[in-house]
Amino acid sequence: MKYLILPFMVMLLPILAHAESQTTPTDGGILNVRVTYDTITPGEPSPILIEFVNPRTGQVQEHIDYSLMLTDGDRVLFGTALTHSSTGVVQGLSATFPEEGEYALSVAVEGILFNPIERESASLSIPVARQGGGCLIATAAYGSEMAPQIQHLREIRDQKVLSTPAGRSFMETFNQIYYTFSPTVADMERESPLFRGLVYVTIQPMLASLHLMEYADSEPGVLALGISVILLNASAYLAGPVMLVAWVARRSLAGRSRTAPQPATRNTWARFYWHGT
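Take the sequence shown: its position 170, counted from the start at 1, is 170 in my numbering, and no numbers get skipped.
Structure representation (structure tokens):
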């Protein structure tokens, strides 16, 4: 399944990178806490996705009572009171990391399926380093990581693609490959308004087709809709060039046929014979 979904992941290239994911069990082992975030730039708001995963089923556990705290050493950057999540997913969370360094995110769980439990917590370390232009391509095209279009695409990635084992497995390899070229492309976009506009226009059909992924609710669903996205993008990006090549080839053949010498006919030879005699 992981390899079947590879072509679809390639089509998602503008919104996949960079999604860093960490999974840590609570100290009592009742749940796994999965935290996903993009490359973090100091001083800028960074979206963070938190999921509570049942370790026995591997699926997101619904109806969780939780609280959060983000710290930088002894300094508390933000914290939340006890909150209920009906889906088992914390969405819309955004944190600003003021400077480079290691930050600690503590996630505490005090209830599952409306039943109170003894408090269990998980601690995750979030590294923040200033990136040398490592901005994802679509963000550079839109000009801001917080643009509504980028936020919506990120939700599709986090809630649909990364919700499947195949998606998470592929991401580990994909991120390593993506960052060999994406900083260069993003820097070119920032330096050249013309190139940025070209990228913006070019990716519009693909980004529009990705909205189909909103209807995926399982790994087979992700695969089926992913194939649909591939076919739509093949039509949008390949049909035009193929038709252009076919048109040029047809014109070239037509030109050759007009300039090629015509074979002599019976009437031609008859006229030649008559004038010759």
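From the three backbone atoms N, C-alpha and C, an ideal C-beta is built for every residue, glycine too.
With respect to the 8 Å criterion, S121 and A104 are not classified as neighbours on the basis of their beta carbons. DSSP places N233 in the helix class (H, G or I) of the three-state scheme. Sorting P205, G88, S106, Q149 by C-alpha distance to the C-alpha of V60 places G88 at the top. Within its own chain, the residues whose Cβ lies closer than 6 Å to the Cβ of N32, once the five positions on either side in sequence are excluded, are T23, P25, V53, P55, listed in chain order. For the pair P193 and P127, the Cα-to-Cα distance works out to about 32 Å. Comparing alpha-carbon positions, the option among I203, L162, V242 lying closest to Q149 turns out to be I203. The straight-line gap separating the alpha-carbon atoms of A224 and L212 is approximately 10 Å. When the alpha-carbon of A216 is set against those of E62, S163, G28, the nearest one is in S163. Taking 8 Å as the cut-off, the beta carbon of P45 is found no closer than this to the beta carbon of D38. Shown here, S218 sits in coil according to DSSP, grouped into three states, outside any helix or strand. The beta carbons of Y66 and V109 sit about 5 Å from each other, so the pair counts as a contact at 8 Å. In the three-state reduction of the DSSP assignment, F97 falls in the coil class, being assigned neither a helical nor a strand state. Ranked by Cα distance from D74, the first of V245, E102, A239 is E102.
The alpha carbon of V201 has as its nearest neighbour, out of L68, R119, G221, A236, the alpha carbon of A236. The beta carbon of E155 is closer than 6 Å to none in its chain, skipping five residues each way along the sequence. Burial of D158 is indicated by the presence of at least 16 other C-beta atoms within 10 angstroms of its C-beta. Distances from the alpha-carbon of V229 to those of I117, G240, E219, P205 put P205 closest.
By the Cβ-count criterion, V248 is exposed, with fewer than 16 other Cβ atoms from all chains shown falling within 10 Å of its own Cβ.
For V199, the uninterrupted alpha helix (DSSP H) run begins and ends at 193-209, by DSSP.
The Cβ atoms of A141 and V199 lie closer than 8 Å to each other. About 7 Å separates the CB atoms of L207 and L153; that is less than 8 Å, so the two are in contact.
Taking C-beta separations shorter than 8 Å and ignoring five residues to either side along the sequence, the partners of Q151 in its chain run P47, following chain order.
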